[in-house]
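What follows is a set of notes on a single structure, which appears directly below.
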Amino acid sequence: MLKIVCLALFIAAVSAGIPYKDCGHAEVSNVAISGCTTSPCTLHKGKEVTIDIDFTANQDTDKAEFSLHAIIDGLDLDLATLIPDFDKVKDGCKDTPCPIKKGDKKKFSAKITIPGATPTIEADVKARLIGSTGDLFCGTVHGDIKD
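Numbering-wise, the sequence shown is residues -16 to -1, 1 to 131 according to mature numbering (1 follows the signal peptide of the UniProt record, and there is no 0).
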């Protein structure tokens, strides 16, 4: 459930060109989360959010796997197991067609619903798109889940 909260926080941070921390090698150029214009990004339980991440590919790859984690008090939680239908967005090649070529400017987009049972919480949420030889991008946003 905590993972769901973190996912929601990440999604909230991405929709309006909100502040983010690049945890890769400056591949990310913009993060936008629908309905979110500030940091922390506030997400509401039961609502669908769209995450858009603009990036420049740092490698040639024929695969891309989306990963979403929440960091709460130093604890790293994999949100994939907490978010319903996360498998629909896990394969990054469904949204960003593969193969991807180094230097290509791409946009990754995912729609996720914040589960209604998610606790009210604040956390850092880390999103990664993992290619054949490591991260295509890595970015962290600060988010807040509310009713």
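Where is the CB? At the ideal position from N, CA and C, for every residue including glycine.
Exercise. Straight-line CA distance for LEU(-15) to THR40?
Worked result: To locate residue -15, count along the sequence shown from 1; it is residue 2. To locate residue 40, count along the sequence shown from 1; it is residue 56. Per-residue confidence for LEU(-15) stands at a pLDDT of 46, beneath the threshold of 50, marking its modelled position as unreliable; no derived number is given.
Exercise. Excluding the five sequence neighbours on either side, which residues of its own chain have a C-beta within less than 7 Å of the C-beta of GLY76, listed in chain order?
Worked result: In the sequence shown, counting from the first residue as 1, residue 76 sits at position 92. Excluding sequence neighbours, GLY76 sits near ALA48, GLU49, PHE50, PHE92 and LEU113.
For this session: Out of THR22, ILE35 and ASP79, state which residue places its alpha-carbon closest to the alpha-carbon of THR97.
Result: Sequence index remark: in the sequence shown, residue 97 carries index 113 (1-based). If we check each option's Cα against that of THR97, ILE35 comes out closest.
Exercise. So does the region 94 to 111 actually touch the region 120 to 128, counting three or more Cβ pairs closer than 8 Å?
Worked result: yes
For this session: Compute the beta-carbon to beta-carbon distance between ALA94 and ASP79, rounded to the nearest angstrom, for a pair I have assumed lies under 8 Å.
Result: Start at 1 with the first residue of the sequence shown, and residue 94 comes out as number 110. Start at 1 with the first residue of the sequence shown, and residue 79 comes out as number 95. 7 Å between Cβ atoms; contact.
Exercise. Considering only C-alpha positions, which residue in the set HIS53, ASP57, LEU59 and GLY58 is nearest to LEU66?
Worked result: Here residue 66 is taken as the residue at index 82 of the sequence shown, counted from 1. Nearest to LEU66 by C-alpha distance, out of HIS53, ASP57, LEU59 and GLY58, is HIS53.
Exercise. In the structure shown, what three-state DSSP assignment does ASP124 receive?
Worked result: Here the question's residue 124 lines up with position 140 in the sequence shown. Per the sequence presented here, residue 124 reads as Thr, with Asp not at that position. If DSSP states are grouped into helix, strand and coil, THR124 belongs with the strands.
Exercise. Is GLY115 near VAL12, with beta carbons less than 7 Å apart?
Worked result: Here residue 115 corresponds to residue number 131 of the sequence shown, with the count starting at 1. Here residue 12 corresponds to residue number 28 of the sequence shown, with the count starting at 1. Result no, Cβ atoms of GLY115 and VAL12 do not sit closer than 7 Å.
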